[in-house]
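**Student:** Residue numbers (our numbering): 27 to 278.
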Ligand code: 13P
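(1) Please confirm whether any heavy atom of the ligand 13P lies closer than 7 angstroms to the CB of residue 198.
(2) What would DSSP say about residue 71, mapped onto helix, strand or coil?
(3) Under the three-state reduction of DSSP, which class applies to residue 165: helix, strand or coil?
(4) For a test of the three-state rule: what should DSSP assign to residue 248, helix, strand or coil?
(5) Report back the beta-carbon spacing between residue 85 and residue 52 to the nearest angstrom; my notes put them in contact at under 8 angstroms.
(6) Between the alpha carbons of residue 223 and residue 170, how many angstroms are there, rounded?
(7) Considering only the beta carbon of each residue, do residue 148 and residue 189 sit closer than 8 angstroms?
(8) Count the C-beta pairs between the segment 179 to 186 and the segment 245 to 255 that are closer than 8 angstroms, then say yes if the count reaches three, no if not.
(9) Pair every Cβ in the segment 268 to 276 with every Cβ in the segment 198 to 212, then say whether three or more of these pairs are closer than 8 angstroms.
(10) With 16 as the cutoff for other CB atoms within 10 Å, does residue 61 come out buried or exposed?
(11) Does the ligand NAP have even one heavy atom less than 7 angstroms from the beta-carbon of residue 193?
(12) Residues in the same chain with beta-carbon distance under 7 angstroms from residue 216, minus the five sequence neighbours each way, listed in chain order, please.
(13) Using 8 angstroms as the threshold, is the C-beta distance between residue 49 and residue 70 below it?
(14) For residue 114, which residues in the same chain have their Cβ closer than 8 angstroms to its Cβ, ignoring the five residues on either side in sequence?
(15) As a quick exercise: from 132, 144, 255, 275, pick the residue whose alpha carbon is nearest that of residue 27.
(16) How is residue 39 classed by DSSP in three states: helix, strand or coil?
(17) Please classify residue 165 as buried or exposed, where buried requires at least 16 neighbouring CB atoms within 10 angstroms.
(18) Taking the continuous beta strand (DSSP E) assigned at residue 257, which residues delimit it?
(19) Out of curiosity, what's the CA-to-CA distance linking residue 40 and residue 260?
(20) Verify the contact flag: residue 19, CB atom, against every heavy atom of the ligand 13P, threshold strictly below 7 angstroms.
(21) Just to confirm, does residue 240 get its C-beta within under 7 angstroms of one of the non-hydrogen atoms of the ligand 13P?
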């Protein structure tokens, strides 16, 4: 059975003190036996301190993006080498906000997926359609194309370790959630794409999350769907209490 992965994406929120207090609180409360993996995707400046706080707990600390190169003249960027060096385990790649505001493309997402694996980082690869694409019935084709390009030339054993987050852009931060059936339909399609491109074993192992206005009130219904293995959560991950409820919902 696939594990459930609940990841909180804080985006550009919190101060160091708030971030530390949050991780301290959830570290004490996330159950040690957990069948659920709990990940906090924090802004860069807090990462070393949060890694330290989360040591020997069930909480993992992730970055929200990274550059694809190991080092070089890229002012303001952070490399996979740096993330690996400070003990980061996961990194979000290709979030729709990065694609929209920071010019990430399917090709750079693919390079980042390769870079992540070269440095022992698990990529959380985001895909999702716009409202326009959904209304034009282009969702499945668009998602298929994003997934195929993101996983181009990735080894099968790495695909098995990859996390894909299906985040319909129209559902992010809008309070509109895809119905659990619609979300599952797309997640099931992603699994089919992985099966066709790699193998049935890889399709069975890959973790596929849903993201977009997930909150304690709707997560159970989403996780009850057969192809949804977790959630990537923005707004509802900012309060420890709410995040813990999401984690609790993932225990079965
Ligand atoms: P919200 O949960 O705030 O809609 O954000 C979703 C998201 O973008 C997580 O990466």
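Glycine is no exception: its CB is placed at the ideal position from the N, C-alpha and C atoms.
**Tutor:** Concretely, from the data shown:
(1) At least one heavy atom of the ligand 13P lies closer than 7 angstroms to the C-beta of residue 198.
(2) DSSP places residue 71 in the helix class (H, G or I) of the three-state scheme.
(3) Three-state DSSP puts residue 165 in a helix.
(4) The DSSP-derived three-state label of residue 248 is helix.
(5) Residue 52 and residue 85 do touch by the CB rule: their CB atoms are close to 6 angstroms apart, below 8 angstroms.
(6) Rounded to the nearest angstrom, the two C-alpha atoms are 10 angstroms apart.
(7) Yes, they are a contact pair.
(8) Judged by Cβ distances under 8 angstroms, the segment 179 to 186 makes no contact with the segment 245 to 255, as fewer than three pairs qualify.
(9) With fewer than three CB-CB distances shorter than 8 angstroms, the segment 268 to 276 does not count as touching the segment 198 to 212.
(10) Under this definition residue 61 is an exposed residue.
(11) Ligands displayed in this structure: the ligand 13P; the ligand NAP is not among them.
(12) 169, 173, 190, 192, 234.
(13) In this structure, residue 49 sits away from residue 70, with a CB-CB distance that is not shorter than 8 angstroms.
(14) Answer for residue 114: 73, 77, 87, 88, 89, 147, listed in chain order.
(15) Cα-wise, what sits closest to residue 27 is 255.
(16) Three-state result, residue 39: coil.
(17) Around the CB of residue 165, 16 or more other CB atoms lie within 10 Å, so the residue is classed as buried.
(18) First-last of the beta strand (DSSP E) with residue 257: 256 to 259.
(19) Taking the CA atoms as reference points, residue 40 sits about 13 angstroms from residue 260.
(20) Summary: the structure shown does not reach residue 19, with the chain confined to residues 27 through 278, and so no result is reported for it.
(21) Result yes, Cβ under 7 angstroms from the ligand 13P.
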